[in-house]
Amino acid sequence: MSTQVPALLDGLVDDAAVFPPGSATLPDALNAHRQHRAAWYSDLVGPLLIPASTVSAGELTGLVDPGEGLVIGLIGDTGIGNLPYALSFLAPDGVTARQVEVAVAKRGEDPLPGIAELLRLTDALPDVEAVYAELPLTFGLMGALDALAVARNDGVPVAAKFRTGGLAAELFPTPAELAAVICACRDRGLPFKLTAGLHQAVRHLDSETGFTHHGYANVLAATLAAADGDGVEAVAELLTVVDPRPLVERATTRLDVPRPLWVGFGSCSILEPLTDLIRLGLVNGGYDA
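Read in my numbering, the sequence shown has 7 at position 23, and its numbers run on one by one without any break.
So this is what it looks like as structure tokens:
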């Protein structure tokens, strides 16, 4: 069966197979990513995310045919200053980094120095379409968003990235906190990515961790509401919903329109979110492989 992913969901899920909890080996992740890119649901799939440490260690060499045109997202686990070094390993293997993602501060740190360092490097990031500054949802957040918005308005392809989960309760923003961030990005015309914790489509309590996780269908509906001009309270309400029906209803009216603001999220599984989206009726398809 062949079917198209609607424009609203285009590139929603980056392939984070090598990251926990999936932790696939790089050869296995590459083989699976090639299958995803060739499948009927390929429009749902963003680039394969690979740590800078892996790239800098030369681990891609010999695994990629230079003629296949592999596109990745580089995750700057070795720090801001080492991004150009990691990127230098890609061209000989015919690999392109579509996006770069790096933390600019730890929780409680002022993010502005890290943002300034990252912005100074943007000219040294060839062929990179988007640079995501990962911001902690703590001290100095709004000032950091202002700085990113100013740079973006000046033509720098920079955007924001936030964590929505992790191994500690404080890494899960409340619905009100996440709604405030979404609306703040809306007010600044600033795209954003999310990472961690978005394991299911709808908000739920994870029986293994004991944490309540945000749902990506909730985030989608909340972002659509923010883009339509809704305030923080209304956006937060959508993030609390555990009944998928109002989320699906809001999304269904926009399926043919590109997704505003929210660039997407990384998932160590592509098939799990795909299955959820099919189950919710947001993707009309089935497996053909």
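Cβ coordinates follow ideal geometry from the N, Cα and C atoms, glycine included.
Check, Outcome
"Aspartate -2 beta carbon less than 8 Å from that of glycine 57", "yes"
"8 Å contact criterion, which alanine 168 and proline 141 should meet: CB distance rounded", "Incorrect: roughly 20 Å between the Cβ atoms, too far for contact."
"Separation of histidine 188 from valine 226, as counted between CA atoms", "7 Å"
"Per-residue DSSP class, three states only, for serine 253", "coil"
"Assigned secondary structure, glutamate 118 (DSSP; H/G/I helix, E/B strand, else coil)", "strand"
"Host alpha helix (DSSP H) of isoleucine 166 (start-end)", "159 to 172"
"Residues near serine 33 by beta carbon distance below 6 Å, same chain, minus five either side", "Looking at the sequence itself, residue 33 is leucine, so the reference to serine does not match. For leucine 33, where only same-chain residues beyond five positions count, the Cβ hits under 6 Å are Asp(-2), Ala0, Gly57, Ile59 and Gly250."
"DSSP state of proline 35 mapped onto helix, strand, coil", "strand"
"Continuous alpha helix (DSSP H) assignments of at least 4 residues falling wholly in the stretch -11 to 76", "10 to 22, 36 to 40 and 67 to 71"
"Cβ distance (whole Å) where alanine 70 is taken to contact threonine 62 below 8 Å", "7 Å"
"Residue closest to phenylalanine 195, alpha-carbon to alpha-carbon, out of Ala152, Val39, Leu14 and Glu43", "Ala152"
"Under the three-state DSSP convention, the category leucine 264 falls into", "coil"
"Which residues DSSP lists as bridging arginine 147, in chain order", "Thr179"
"Assigned exposure category for proline 4 - 16 Cβ within 10 Å defines buried", "exposed"
"Residues bridged to alanine 81 [DSSP beta-bridge criterion]", "Ile56"
"Own chain residues within Cβ distance below 6 Å of glutamate 85, not counting five before or after", "Ile59, Tyr116 and Lys145"
"Opposing strand residues paired with leucine 189 [DSSP bridges]", "Thr196"
"Residues that DSSP places opposite alanine 87 in a beta bridge", "Glu118"
"Best match in Ile166, Pro31 and Thr237 for proximity to aspartate 214 [C-alpha to C-alpha]", "Ile166"
"Sufficient close CB pairs (3 or more, under 8 Å) joining the stretch 88 to 101 to the stretch 127 to 136", "yes"
"Other residues of its chain near alanine -9: CB distance less than 8 Å, five sequence neighbours each side excluded", "Leu239, Asp240, Val241, Pro242 and Arg243"
"Distance, glycine 248 Cα to alanine 28 Cα", "Reading off the sequence, residue 28 comes out as leucine, not alanine. So the two alpha carbons sit approximately 10 Å from each other."
"Assigned secondary structure, glycine 215 (DSSP; H/G/I helix, E/B strand, else coil)", "coil"
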